[in-house]
Structure formats: structure tokens, C-alpha cells
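Each remark here refers to the structure printed beneath this line.
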Amino acid sequence: MDETIRTVLAEHGKLAVDVNSIDEHTDLFASGMTSHASVNVMLALEDAFDIEFSESMLKKSTFESIASIRAGVLEMTSS
Amino acid sequence: MHGIIETPLEAEPDRAVRNPVARRMAAIAEEVAAPAADDVDQQGRFPSETIAALQSEGLLTAMVPVELGGLGAGISEVSEGLVALGRQCASSAMVVAMHHIQVACLVRHGRNELLSDYLVDAVAHQYLLASATTEVGTGGDVRSSVCAVDVEGGRFHVKKQAPVISYGSFADAILVTSRRSADSPESDQVLVLCRPPELRLEQVGEWNALGFRGTCSPGFVLEASGDARSILDDPYSDISTRTMLPVAHILWSSLWLGIATAALDRARRFVQAEARKRPGTTPTAAMRLADTAALHQQFADMVHSAALRYEEVADDPERSSSLGFAIAMNSLKVSASTLVVDVVRQCMVICGLASYRLDGPFSLGRHLRDSMGASLMVNNDRIMANNAQLLLVHRGE
Chain G
12 MDETIRTVLA EHGKLAVDVN SIDEHTDLFA SGMTSHASVN VMLALEDAFD
62 IEFSESMLKK STFESIASIR AGVLEMTSS
Chain Z
584 MHGIIETPLE AEPDRAVRNP VARRMAAIAE EVAAPAADDV DQQGRFPSET
634 IAALQSEGLL TAMVPVELGG LGAGISEVSE GLVALGRQCA SSAMVVAMHH
684 IQVACLVRHG RNELLSDYLV DAVAHQYLLA SATTEVGTGG DVRSSVCAVD
734 VEGGRFHVKK QAPVISYGSF ADAILVTSRR SADSPESDQV LVLCRPPELR
784 LEQVGEWNAL GFRGTCSPGF VLEASGDARS ILDDPYSDIS TRTMLPVAHI
834 LWSSLWLGIA TAALDRARRF VQAEARKRPG TTPTAAMRLA DTAALHQQFA
884 DMVHSAALRY EEVADDPERS SSLGFAIAMN SLKVSASTLV VDVVRQCMVI
934 CGLASYRLDG PFSLGRHLRD SMGASLMVNN DRIMANNAQL LLVHRGE
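Protein sequence lines correspond, in order, to chains G and Z. First residue of the first sequence: 12, per my numbering; consecutive thereafter. First residue of the second sequence: 584, per my numbering; consecutive thereafter.
Okay, here's the thing in C-alpha cells:
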């Protein structure tokens, strides 16, 4: 799963750094992901995992790190 | 703790009476701003008499909490005051609106001791606060910065090429967006309170614009340094989403409503004067006046409900940073800036050539010119592009 998240971030996150150089707790917004890019990341994650994030999860904290994204995706796939 | 929602305002017929801040702003609008409005516009000069009158009554810190010495007013109260001020002098109202936006950011996101102390001083001295968010090289995107703040030994330094700083030459302090550090990406921004004596402004060019001429908004090269605690505690992305953007859109919409209200006042008086000449015959323009009054009412109710909506969610980080709220506040700005032009244009048709003249009691030249600025300051197309993006994931809840 982390591999897929990193691929999505590499394609859509517009990070200022190499996605493989950050750990799972690195702040993605501080790494250059704009709110515009984060929307594209959400869309690509929904496609990759065949999920739909609920309204309550569509917030900055869900997308601030690889770990928080993983938690969000797990929550949606288990529900 | 937050002044913005401390004074919920109920929709009652005697709101104006129950709202002392708005009433006092309205009195200054009529007694001080109105007589100066044409001169402010024609000379493109700063409305110093209006600002001084507001300062003399402590109204520049209306939104500062009572425990810091302010009046503890909510956004609804200031919104109502700005409608009254915008009705008389849109340039004055724009200066005051922009100032209150900065105050709201400081109140809600400047928690450290230096910034709290600054607010106490701001009350005592009635400081006028300006803003430098746009920057040469970012293409109008206020959510990215080229300049970076350097912090060393508890001190900050920042230098910014600002294409516009409204009333920059007249402000007591300027809140400046900047990258968090020289290593930060463009989108990782902070907001810094910059003030004399460690604030230097070098003006670039002049402000000679179609409308809002009294805002005196030329470009500047800004350089500032000071105590590093002048950097607001929260990241600018949070400040922008939760406070600067919604407060700006509500307060701007309020003064645009003031412009529309002034135009409607003139149109109504024009039609009534026609009716008096021929009692028994409804003037041709009366039907258009009825249509325009309905349009104006939509506008007024939209602004009023947006202010209440903000007060409801302001202190809830979850709701104030939700997609639905962001989309609503963006839509407010686009709708209000479109409605102000629509109302003024209709009023011009009602008053005919009397409104096209640059003199006389029914002239709407200044109102038309000012209204045209509304969709350009933070361009509506940029805001709609933002909403288009957000709607790709919004669930409509």
C-alpha cells in the first residue's frame, strides 16, 4: 500500500523533494504539496484503491503525511 | 476567547439599534466620509479624516476581544458598519475592511505574548494595519511566496517585492506573507507582523486606478526585521483558510453591498421624483426599480447570512476548514462582486443620463468605477478555478 501511495504522491503531489527521500511522518504540505495538488492526490488515491473518501476525511490532516494517508485509506477500505 | 463569535447577533428588526459598533460606523460614514468621498475619489487621496474619526472612537479595534481592550465585536457588527461606510465612500470602506481582516488574523492566530501585547498597543494607539500578500513573480497566487523569512538568534528578516500594498504609506504595520525559510517550498508560508522602526518601504510607481482610488495602493519593496515572535503562530495555510479568506470575502462583500445600496438609494429617489411630477402615472422605470430592489435584497441577505455562517463555524477548526465552507466563502465573493455591478448597472438604466453625468445628485460614475474593481481583486476566474477543483472531491455535505 505504501508503494502505491508513494507512486501517487510522485505523480500528483508536486513535492519539492524526491518522494523516496521522505519518511512516513514527513509533513507533505511543508514539503511543497499545495492544496491544489492535494486534491489531485485525493482523486488518484480514490482511483488507485477504488474508494471514496467520506466528507469528514476530506481535510488537510488526512493528507499531511504518508502515515495519515495510509490510515485514511485503511479506514475507507475497511468500512 | 475569540472576539469574532463572542457577540452573536440575532436577526431582529432593531438590529441597527442593538449594534453600537455599526451605528457608530454609520454615523461617521454620514458625517465624515460622505462629505469627503468625491474629493478622495478625484484626488486619489487617502481618506485620512474618516480613519481618524474611526480611531477617535476606538473602532479600528472593534474586533479585538474585550480582555485585550477592544470592543469584542463580531463580524456581523463590522459587516453592518461597512455596508454603511461603503454606501458613502467605498475607498474608506475598503481600507477599513482590509484593516479588520488583518486584525482578525492577529486575534485568532497570534497567540504568543509579543502578539497579544501588540494587540493591546493597537487598541491604545488605534494602529492601522495593512497587508502584503501578493508578490512579483507568483502570478497573483497569494498562496505561494518567492520571498523567505530568515530567522536567526530570535530575530527575523524578510524582503519582499510587493506589486500592491493598499495604504502601505499610511499603515502603522503590515502583515506580510513569506516562505517559512529559505529551504521551504513556495506553498509553505507564514504571516509576519512587520512594523516600524524596523520596517522600510520603498514605493514603486503610483496608484492611478479606475476606482477605489482612495485606497492608495502602489507597489513597494518592503524590507523588515524584528523579534521572531512577530511571526504568527499558525501556518499561513490555516490562517488563510480559517480566517483571512472568509473574513475578507465577507467584509469586502459588505462594502460592495454598500455601493449597491447607494446606487439603489439614488435610483429610488429618481423614480420617486418622477412619480411626484405625474401622480397617478407609474413611472416607466418603476418596474425596473422593483426588479433591482429584489436583486439588492438577494445581495443583502446573502451577505448577512454569510456573516452568521462564519460566526457559527469560526471556532470549530473542523468546520471552518471544511471543503463546503471554503466553497461557500469563495462563491460569496464571486456572487457579491457580480451582483454589485449588476445592481449599479440597473440603477444607471433607471436614472438614465442623470446617472451618466459626473455631477448632480443622481451621478453613479464613482459607484460604477468602484464596483468594477470587485471582481478583479483576487480575480473571480482564479476563485472559480479553485472552486472547480474543490468540487471534484466535495460530497455536498
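We put the CB at the ideal spot given by N, CA and C, even for glycine. All of these numbers come straight from a predicted model, not from anything done at the bench.
Residues that DSSP places opposite residue i in a beta bridge
{"i": "Gly863 of chain Z", "result": "None; Gly863 of chain Z has no bridge partner."}
{"i": "Ala731 of chain Z", "result": "Z:Arg762"}
{"i": "Arg738 of chain Z", "result": "Z:Glu735 and Z:Asp810"}
{"i": "Gly802 of chain Z", "result": "Z:Val787"}
{"i": "Lys743 of chain Z", "result": "Z:Leu805"}
{"i": "Ala756 of chain Z", "result": "Z:Leu712"}
Span of the beta strand (DSSP E) around residue i
{"i": "Val787 of chain Z", "result": "Leu782 to Val787"}
{"i": "Ser714 of chain Z", "result": "Leu712 to Ala715"}
{"i": "Gln685 of chain Z", "result": "Element bounds for Gln685 of chain Z: not the beta strand (DSSP E) but the alpha helix (DSSP H), Ala673 to His692."}
{"i": "Leu774 of chain Z", "result": "Gln772 to Cys777"}
Pair within 8 Å by beta-carbon distance, residue i and residue j
{"i": "Ile933 of chain Z", "j": "Ala858 of chain Z", "result": "no"}
{"i": "Ala673 of chain Z", "j": "Leu838 of chain Z", "result": "yes"}
{"i": "Leu54 of chain G", "j": "Ile80 of chain G", "result": "no"}
{"i": "Ala21 of chain G", "j": "Ser42 of chain G", "result": "no"}
{"i": "Val804 of chain Z", "j": "Val787 of chain Z", "result": "yes"}
{"i": "Ala645 of chain Z", "j": "Leu654 of chain Z", "result": "yes"}
{"i": "Phe908 of chain Z", "j": "Val917 of chain Z", "result": "no"}
{"i": "Met681 of chain Z", "j": "Ser749 of chain Z", "result": "yes"}
{"i": "Ala811 of chain Z", "j": "Arg871 of chain Z", "result": "no"}
{"i": "Gly641 of chain Z", "j": "Val706 of chain Z", "result": "yes"}
{"i": "Phe753 of chain Z", "j": "Phe629 of chain Z", "result": "yes"}
{"i": "Ser76 of chain G", "j": "Leu39 of chain G", "result": "yes"}
{"i": "Ser770 of chain Z", "j": "Thr45 of chain G", "result": "yes"}
{"i": "Gln671 of chain Z", "j": "Ala745 of chain Z", "result": "no"}
{"i": "Val747 of chain Z", "j": "Ser675 of chain Z", "result": "no"}
{"i": "Val661 of chain Z", "j": "Val604 of chain Z", "result": "yes"}
Any C-beta of chain Z under 8 Å from that of residue i
{"i": "Ser79 of chain G", "result": "no"}
{"i": "Gly43 of chain G", "result": "yes"}
{"i": "Ala82 of chain G", "result": "no"}
{"i": "Leu39 of chain G", "result": "no"}
{"i": "His47 of chain G", "result": "yes"}
{"i": "Ala55 of chain G", "result": "no"}
{"i": "Glu86 of chain G", "result": "no"}
{"i": "Val52 of chain G", "result": "no"}
{"i": "Leu69 of chain G", "result": "yes"}
{"i": "Glu75 of chain G", "result": "no"}
{"i": "Ala27 of chain G", "result": "yes"}
{"i": "Glu66 of chain G", "result": "yes"}
{"i": "Ile62 of chain G", "result": "no"}
Residue i: first and last residue of the uninterrupted alpha helix (DSSP H) it sits in
{"i": "Lys916 of chain Z", "result": "Leu906 to Cys934"}
{"i": "Met53 of chain G", "result": "Ser46 to Phe60"}
{"i": "Val719 of chain Z", "result": "Careful: Val719 of chain Z lies outside any alpha helix (DSSP H) and carries neither H nor E."}
{"i": "Ala889 of chain Z", "result": "Ala868 to Val896"}
{"i": "Ser89 of chain G", "result": "Ile77 to Ser89"}
{"i": "Met967 of chain Z", "result": "Asn963 to Leu973"}
{"i": "Gly948 of chain Z", "result": "Gly948 to Met955"}
{"i": "Glu632 of chain Z", "result": "Ser631 to Ser639"}
{"i": "Val611 of chain Z", "result": "Looking at the sequence itself, residue 611 of chain Z is Ile, so the reference to Val does not match. Note, Ile611 of chain Z: alpha helix (DSSP H), Pro603 to Ile611."}
{"i": "Val725 of chain Z", "result": "Unbroken run through Val725 of chain Z: none, as it is neither H nor E."}
{"i": "Ser820 of chain Z", "result": "Tyr819 to Ile822"}
{"i": "Ile16 of chain G", "result": "Asp13 to His23"}
Within-8 Å CB hit, residue i to chain G
{"i": "Gln972 of chain Z", "result": "yes"}
{"i": "Val976 of chain Z", "result": "yes"}
{"i": "Ser982 of chain Z", "result": "Any question about residue 982 of chain Z goes unanswered here, given that chain Z covers just 584 to 980."}
{"i": "Val600 of chain Z", "result": "Any reading at Val600 of chain Z needs caution, since the residue's pLDDT is 38, under 50, leaving its predicted position unreliable; the model's value is listed next. Taking Cβ atoms only, chain G never reaches closer than 8 Å to Val600 of chain Z, which makes this a no."}
{"i": "Glu718 of chain Z", "result": "no"}
{"i": "Leu936 of chain Z", "result": "no"}
{"i": "Glu895 of chain Z", "result": "no"}
{"i": "Leu878 of chain Z", "result": "no"}
{"i": "Glu593 of chain Z", "result": "With a pLDDT of only 42 at Glu593 of chain Z, under 50, the local geometry of the prediction cannot be trusted, and the value read off the model is given with reservation. So no, Glu593 of chain Z is outside the interface."}
{"i": "His585 of chain Z", "result": "Low confidence applies here, because His585 of chain Z scores a pLDDT of 44, under 50, leaving its location unreliable and the question unanswered by this model."}
{"i": "Arg851 of chain Z", "result": "no"}
{"i": "Arg726 of chain Z", "result": "yes"}
{"i": "Met960 of chain Z", "result": "no"}
{"i": "Leu906 of chain Z", "result": "yes"}
{"i": "Val917 of chain Z", "result": "no"}
{"i": "Ser836 of chain Z", "result": "no"}
{"i": "Ser820 of chain Z", "result": "yes"}
{"i": "Arg980 of chain Z", "result": "Inspection of the sequence shows that residue 980 of chain Z is occupied by Glu rather than by Arg. Output row for Glu980 of chain Z: interface = yes."}
{"i": "Ser808 of chain Z", "result": "no"}
Using 8 Å as the cut-off, can you tell me whether the stretch 781-796 of chain Z makes contact with the stretch 941-956 of chain Z, which would need three or more C-beta pairs spanning the two stretches below that distance? yes
Kindly confirm or deny that the stretch 772-789 of chain Z and the stretch 819-829 of chain Z touch, where touching means at least three C-beta pairs closer than 8 Å. yes
Touching by the beta-carbon criterion (3+ pairs, under 8 Å), the stretch 723-732 of chain Z and the stretch 858-869 of chain Z: no
Any 3 or more C-beta pairs closer than 8 Å across the stretch 916-931 of chain Z and the stretch 943-954 of chain Z: yes
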